[in-house]
Ligand SMILES: Cc1cc2nc3c(=O)[nH]c(=O)nc-3n(C[C@H](O)[C@H](O)[C@H](O)COP(=O)(O)OP(=O)(O)OC[C@H]3O[C@@H](n4cnc5c(N)ncnc54)[C@H](O)[C@@H]3O)c2cc1C
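As C-alpha cells, then:
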C-alpha cells in the first residue's frame, strides 16, 4: 500500500496499456486483473487475432494435426480489456505518457507494458524473398500459408537454417513424407544453441529421418520461374537445389523500431530493463512506469554474471509477464525480481529436447547420463568450473536435478556417479560452440552485454 | 523423536491413522536411526530425490543387507523372475518401460486407456448389479477387489473363461504381500510360491499362444512387437506382466476403497459427486494426495554421498521416501489435513514422480473416477458400518481389508 494512496488510485481507476497482444501481453493482463487492477486496460496488437500460441505452429500445425486458427491461448480469467487489434503502435511519447498508433490514434497510460516480441528475419534479397513459395514462420498467417503449400505435396522443400524452428519444420516435412533439404552455414544443426557435440547428434537425427542435410554451406541466391514461383536455390559450394517451397529460418529481429527516438533504451538487441522488468531509458536511468516482458526484453541475471539476457523462450515470456504485472501494481519494497532460470523445449524427429540455463555460455560438456549414440542423453555444460546449463534428449525427467546444480552454481564437472552414466560420460569435452562472429540462429539465449543502452548500429551477431 | 517411530509406522496399531506419526516424522526431515534407512518426509525433499540421478532403484546398489530394512520382507516380490523395470535403473529400466508403453500409451497407443472406458463401465455396472444385500456390503470383496483384476485380465488378454483362475492366483499373491504377524510364514510362503509358479506357467503358455497367433491385447503386443528396442524375452514379458498385475491391482483396490471411505466421511463431497460425475476428476486427485495407496517408497539407494538439509546421506544407504507424509506437508499445502477437492492446484506424490512415476496412472485414474462416481450415483444413502474399518497389515500398500457399508437400495 503506498503512502500517498497513488497505488490505490492506480488500481481503482488507472490506465494500463499493453503493446503486443500475444503470450506475454495476455498473461500480464490476466495477472493485472488477478492482482486487483480495476482500471482501464488496453491491449494493442498489430496482428488481427486474439492472442495465440506459437510453439504449435512449427509442430502440430505443420503436421496438419491442428489448424492455425485453433492455437488460441487458453484464458485463465476474463481480462475485460479494450482490444485494439490489427493496429501497430508506431511511437511512444514518454513525457506525455502516450502511445501513438498507426491509425493516428493516441492512447494515454499511467503504466505501459511493452511485449512486442520478435519477428522472423526475412530473406535478405528482397526480390527473392517475394517469390511465391518462399516462407518464414513466426505468425499464424505464416503457418497457415506454409501448411497449405505442404498439403499440396511439394516435390522438395528447402529449409534455410537449422536452428530449432528450421529443424522442427524439416521434421514435420519428413513426417509428412515430403523430401526436404536443410542448408546450414554452421557445421551442424542447433550448434548455436547447444554446441557442436550436441549438434552432431542433431545431424544424425536429421539424416536418420531422411533429411538431405547440407552443413557448412550458405544459400547464395533463390531463383524463380517466369511466373514468379521459386524453383531453385544456389549454394555457396556451387550446387543448385530444385525446390518448390523454401522456408527461411534465419532467426529473429526484435520489434523495437517503433520506439526509435522515444528515448527508451531500445535497440536491435531488445529493450533493456532491470530485474524488476522496468525499462531503462537511453541514459541508463530506470523508468518507473514502463515495463517490458517476453522475447523483446533483455534483463540482467545474477546467475549469469549480471549480463543482460535476451531469451526467446515461451516459459520466460509467461514468468516475466507475471513479474512485470505484479511490479506494476506494487510499491518498491514489494517488487519481485525476474530471475527465471532459462528453460526451453523443442520436439523434432520424435525426440523431446529440453534445455535449462545458458548452454551457449558453456565451454565444456559432460554427457552425464545416457548415450549420444542412442539419442537419449543428458549433457551438462560447464563454464569456469561451474555448471552453467544442461540439455536432455528424451530424458526430461532428470532435468530438474541439473537445474538445481545451475541454481546453486555447483562445480563442473559434477563428480557424483549417476544412474546410467556410461564410459563416454566420465570426461568432459569441449562443447564446441562456433566462433561467435559467425552468425547462427535459433530460439535460445543471447548474452547481450552489460550496457542498458546497447544500440550499436553494426549488426553484431549474437553469440547463441 | 522417539527411536521407535519407524516401528510405530509399521505397527498395525497405527494403520487406521498413521498421519500423526507422519507429522512427527516431518519434524526431523532427514530421519535416521542406527542402521535403519534414511527417511524423508517433506514434499520438496521427496520430489527432488525422485528426480535425482544419484538415487538408484536397483537393490544391487544397497550396501547394507536387505535385512536391516524393516520392510524388506514384506515389500519384496519374492520370485525367480528377473527384476521388473520398477526395480531397475536406466538404461535397462528405460528400455523395458518404453517397450511396455508401446501398446499402452502415447505416442504409439494414445487411445488405449480411453478406449477401455466402455468396458470399464460395464465391469463396474456388473459388480454393482451383483450386490444382493444392501444391508451389509463389503465394498472390498464385492467391488474394489474384483474390479481391477478383471480389468488387468482384459488388458493382458486373459480369456474370459480363465478369469476366475486368474483371480484366485492374484488374490493369493496379493495376500502374501500382506504378512499377518504370527501366521505360519512357511506355509504362507509355500502357498504364495505355488500361486506364483502356477500363474507364471499359465502366462508363459499364454505368451506362447500369442506369439503364434497375436491378438490386440497387451500380452500379444509385448511378446511380439518389435520396435527399435527389439523384442522382449519371455522372462521379461513375464516379469512385466507380474508387475502390471501386482502393482496395478493392489494399489487400485486401495485407491477405490480409501476413496469410498473418505467420501462417506465427507457426505457433502459424496453428494456433489452423485450429482456431477465430472467432479470425480478433482476428487480422485485430492484422494491421491490425501490417502495415497502407496504410502512410502522403501526401495531407493544412494549412489553417492548426498546432502539434504545439511545432513549427508552416505553412499549405499537405503532411503524411504514417505509419499503420504510429503502429501500432507504444510510447507507445500495449505491446511493439508483437510480433504478438499476444490483446492486450487492439486498436486501430490501419490503416483511418485520422476522416471519411476506410476506407469499405470492413466488407467488407475480412470478406474477410480468411474468406480467412485458410479458408486456415488447408484448406492442410495450409503453409510459406514464400521469406522475405522479393519485395515490390512501392509504399511506400504495401505488400505482397509474390509469396508462394511450399508445402503437403502441400489439405483438402476
Ligand atoms: C514457430 C515457433 C515455435 C516455437 N517453439 C517454441 C518451443 O518449442 N519452446 C519454447 O520455449 N519457445 C518456442 N517458441 C518461442 C515462443 O513462442 C516465444 O518465446 C513467445 O511467443 C514469446 O512471447 P512474446 O509475447 O514475448 O512475443 P510474441 O509472441 O512475439 O508476441 C509479440 C506480439 O507483438 C506484436 N507486435 C510487434 N510489434 C508491434 C507493434 N509495434 N504494435 C503492436 N503489436 C506489435 C507481434 O505481432 C506479436 O503478436 C516458438 C516460436 C515460434 C515462432
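Residue numbers (our numbering), protein chains in the order written: chain A, 162 to 625; chain B, 19 to 430. All C-beta atoms, glycine included, are put in the ideal place defined by N, C-alpha and C.
Check                                                                                                                   : Outcome
Residue interval of the alpha helix (DSSP H) (run including residue 267 of chain B)                                     : 252–283
Residue(s) in a DSSP beta bridge with residue 451 of chain A                                                            : A:273
Cβ-heavy atom distance, residue 513 of chain A to ligand 1, below 8 Å                                                   : no
Residue 372 of chain B: contacting residues in chain A (beta-carbon distance under 7 Å)                                 : 558
Simplified DSSP state of residue 158 of chain A, which is helix, strand or coil                                         : Coverage of chain A is limited to positions 162 through 625, which leaves residue 158 of chain A absent and any answer about it impossible.
Below-9 Å beta-carbon distance, residue 379 of chain B vs any chain A residue                                           : no
Residue 91 of chain B versus residue 531 of chain A: straight-line alpha-carbon distance, rounded                       : A caution first: residue 91 of chain B carries a pLDDT of 44, below 50, which makes its placement in the model unreliable, though a value can still be read off. Computed Cα separation, rounded: 33 Å.
Residue 332 of chain A - DSSP class collapsed to helix/strand/coil                                                      : helix
Chain A contact for residue 58 of chain B (CB, 9 Å cutoff)                                                              : no
Assigned secondary structure, residue 205 of chain A (DSSP; H/G/I helix, E/B strand, else coil)                         : strand
Counted within 10 angstroms of its Cβ, other Cβ atoms place residue 400 of chain A as buried (16 or more) or exposed    : exposed
Whole-Å CB distance - residue 594 of chain A paired with residue 362 of chain A, under 8 Å assumed                      : Between residue 362 of chain A and residue 594 of chain A the Cβ distance is about 15 Å, and since that is not below 8 Å, they are no contact.
beta-carbon residue 632 of chain A near ligand 1 non-hydrogen atom, thresh 8 Å                                          : In the structure as shown, chain A starts at 162 and stops at 625, and residue 632 of chain A therefore has no counterpart that could be examined.
Sub-9 Å separation of residue 218 of chain A and residue 304 of chain A beta-carbons                                    : yes
Local Cβ density within 10 Å of residue 473 of chain A, reported as buried at 16 or more and exposed below that         : buried
Closer than 9 Å to chain B by CB, residue 529 of chain A                                                                : yes
Residue closest to residue 376 of chain A, alpha-carbon to alpha-carbon, out of A:365, A:386 and A:440                  : A:365
Any chain A beta carbon closer than 9 Å to residue 125 of chain B                                                       : yes
Any non-hydrogen atom of ligand 1 within 8 Å of residue 236 of chain A CB                                               : no
Three or more C-beta pairs below 8 Å linking the segment 456–466 of chain A and the segment 496–505 of chain A          : yes
Residue 283 of chain A to residue 376 of chain B span [Cα, whole Å]                                                     : 47 Å
DSSP state of residue 426 of chain B mapped onto helix, strand, coil                                                    : coil
Residue burial classification, residue 248 of chain B (beta-carbon count within 10 angstroms, cutoff 16)                : exposed
DSSP state of residue 137 of chain B mapped onto helix, strand, coil                                                    : helix
Whole-angstrom C-beta distance between residue 390 of chain A and residue 294 of chain A, which should lie under 8 Å    : 5 Å
Through-space distance from residue 538 of chain A to residue 578 of chain A, alpha-carbon basis                        : 15 Å
Contact under 9 Å by Cβ, residue 550 of chain A with residue 520 of chain A                                             : yes
Close beta carbons around residue 277 of chain B, own chain, < 8 Å, minus the five adjacent residues each side          : 301, 302, 305, 309, 386, 389 and 390
6 Å Cβ shell around residue 166 of chain A - same chain, five flanking residues per side excluded                       : none
At least three beta-carbon pairs within less than 8 Å, the segment 344–362 of chain B to the segment 227–241 of chain B : no
CB of residue 326 of chain B within 9 Å of CB of residue 47 of chain B, strictly                                        : yes
Sequence-distant residues of its chain with Cβ nearer than 6 Å to residue 332 of chain B (five each side left out)      : 323
Under 8 Å from the C-beta of residue 74 of chain B: neighbouring residues of chain A                                    : 580
C-beta atoms of residue 131 of chain B and residue 275 of chain B nearer than 9 Å                                       : no
CB of residue 176 of chain B within 9 Å of CB of residue 184 of chain B, strictly                                       : yes
Where residue 85 of chain B sits in the DSSP three-state scheme                                                         : Here residue 85 of chain B scores only 49 on pLDDT, less than 50, and its place in the model should not be relied on; the value that follows carries that caveat. Three-state result, residue 85 of chain B: helix.
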